[in-house]
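Taking it in order: structure first as structure tokens, then the write-up.
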Amino acid sequence: MKNINILAIETSCDETAMAIITNGVIIKSHIINSQAEKFTEIGGVVPEMASRMHEENIFKVFTDTLEKASMTMDDIDAIAVTYGPGLVGALLIGVNFANSLSLLYNKKIIAVNHMQGHIHAIGLENQIVYPMLSLIVSGGHTDIVLAHSPTKFELIGQTLDDAVGESFDKVARLIGLGYPGGPKVEQAAKLGQPTYNLPTPKDDSSLDFSFSGLKSAAFNTINQDNMKNIKVNKEDFAASFQKVVVDILVKKLKMASRQYEVNTISVVGGVSANQTLKKEILKEFPDCLIPSKILCTDNAAMIGAAAYHQFSENSFVEGYANAVPTITVEDNWIN
Ligand code: KG4
Ligand code: ZN
Numbered sequence: 026m027k028n029i030n031i032l033a034i035e036t037s038c039d040e041t042a043m044a045i046i047t048n049g050v051i052i053k054s055h056i057i058n059s060q061a062e063k064f065t066e067i068g069g070v071v072p073e074m075a076s077r078m079h080e081e082n083i084f085k086v087f088t089d090t091l092e093k094a095s096m097t098m099d100d101i102d103a104i105a106v107t108y109g110p111g112l113v114g115a116l117l118i119g120v121n122f123a124n125s126l127s128l129l130y131n132k133k134i135i136a137v138n139h140m141q142g143h144i145h146a147i148g149l150e151n152q153i154v155y156p157m158l159s160l161i162v163s164g165g166h167t168d169i170v171l172a173h174s175p176t177k178f179e180l181i182g183q184t185l186d187d188a189v190g191e192s193f194d195k196v197a198r199l200i201g202l203g204y205p206g207g208p209k210v211e212q213a214a215k216l217g218q219p220t221y222n223l224p225t226p227k228d229d230s231s232l233d234f235s236f237s238g239l240k241s242a243a244f245n246t247i248n249q250d251n252m253k254n255i256k257v258n259k260e261d262f263a264a265s266f267q268k269v270v271v272d273i274l275v276k277k278l279k280m281a282s283r284q285y286e287v288n289t290i291s292v293v294g295g296v297s298a299n300q301t302l303k304k305e306i307l308k309e310f311p312d313c314l315i316p317s318k319i320l321c322t323d324n325a326a327m328i329g330a331a332a333y334h335q336f337s338e339n340s341f342v343e344g345y346a347n348a349v350p351t352i353t354v355e356d357n358w359i360n
């Protein structure tokens, strides 16, 4: 059978990423141009700046991606692109680049849901046996998802307010660690003890999450200490915050696993790069699949992996793709 090479494009937030994926599983080339450092001092992503940087970087990422795979566009069978969810201006850079390539080289476009992409990161390193229960922990989402098949997803739990990665970023900013907060909080937490008393958020019988109360509690604790002239112990604070977050993520995944009969459990998305979370998850679920670090955070390889299943089902964009910034994990591209 002929190999299927998909050129995948991801620009939903602050990574300009492209990859070439063969048959949905072989990574031929994989380039991530991250803007994160540019946002370190600001403490978070500025959408307008992200769009401009995608625009500046995308052509070089494209040529580098082909070069690394020793391929030309003649070798490419389809172009996959993230169409949502994400920052609309950032998404549009990737989507319009895909539209231009499609017109220029006469290739079909596959519009990929970024959240489904995170789940398919698992398929690049392991075989997925469906149904699969997936916890997605990223900067924009905290979802518990039942994957019935490679293209059918059911959302069974989600955050009612802030996403878990977002709360890592906000707490990092609060204690002066900068952006992206997740890795910085993780590093600081390694040197500290969970001595601060922070509330376990939404510790109830639902599969939903809420992190805004925890964020407020963190702000109040720091403010009260400031008023008493008590200096924050960043390491202990990071360890305390990380502990309550990890505890609730593990607890809700455990609850979901009792309610649904599945063959595979996985944890994906940027926050799954957190080694403490990984350790605690593996204590409860020794067979749980978690991507390698590089495939946890945003990348285009996962978009190419997801796209392969859509290719197999003949799900292509008719005409041109557009960005749809507010879709959920359940949504598939509609022509
Ligand atoms: O999946 P992702 O790369 O982008 C989105 O789709 O949002 O996730 C980014 C988020 C950021 O909030 C970042 O702080 C968090 O993932 N993150 C981490 C770690 N690495 C990245 N959170 C905790 N620990 C980490 N090691
Ligand atoms: Zn993501």
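Numbers 26 to 360, taken from my numbering, label the letters of the sequence shown in order.
Glycine is no exception: its CB is placed at the ideal position from the N, C-alpha and C atoms.
The ligand KG4 never approaches A281 closely enough for any of its heavy atoms to be under 6 Å from the residue's Cβ. Counted as a single uninterrupted DSSP element, the stretch harbouring V189 is not any beta strand (DSSP E) but the alpha helix (DSSP H) occupying residues 189 to 199. The DSSP-derived three-state label of F178 is strand. Setting aside the 5 residues that flank it on each side, E309 is surrounded in the same chain by V275, L278, K279, each with a C-beta closer than 8 Å to its C-beta; the list follows chain order. C-alpha of V86 to C-alpha of T246: approximately 44 Å in a straight line. The nearest non-hydrogen atom of the ligand KG4 is 6 Å or more from the C-beta of S265. Between the beta-carbon of I273 and that of K318 there is about 22 Å, and that puts the pair past the 8 Å contact cut. Per the DSSP secondary-structure output, D168 pairs in a beta bridge with I161, Q183. I31: member of the beta strand (DSSP E) spanning 30 to 35, first to last residue. Look at I290 here: in three-state DSSP terms it is strand. Following the DSSP letters along the chain, one finds S241 inside the alpha helix (DSSP H) bounded by residues 237 to 252. With the rule of 3 Cβ pairs closer than 8 Å, the segment 189 to 208 counts as touching the segment 291 to 298. Taking C-beta atoms as the reference points, I328 and A188 fail to come closer than 7 Å. In the three-state reduction of the DSSP assignment, A325 falls in the coil class. Counting only the Cα atoms, D99 lies some 11 Å from L32. Taking S59 as the centre and dropping the five residues before and after it, the same chain places the C-beta of E40 closer than 6 Å to its C-beta, in chain order. Partner residues in the beta bridge of S54, as assigned by DSSP, are I45. Taking non-hydrogen atoms of the ligand ZN into account, the C-beta of S163 is found less than 6 Å away from one of them. Only residues of its own chain outside the window of five on either side were considered, and among them L171, A172, H173, V287, N288 have a CB closer than 7 Å to the CB of P156, listed in chain order. The beta-carbon separation of G109 and L116, rounded to 6 Å, stays under the 8 Å limit for a contact. Assignment of Y108 by DSSP, reduced to helix, strand and coil, places it in the strand class. D356 has its Cβ no nearer than 6 Å to any heavy atom of the ligand ZN. Under the Cβ criterion (8 Å, minimum of three pairs), the segment 338 to 353 does not count as touching the segment 53 to 72. Using a C-beta cut-off of 8 Å, the segment 228 to 239 makes contact with the segment 183 to 201, since at least three inter-stretch Cβ pairs fall below that distance.
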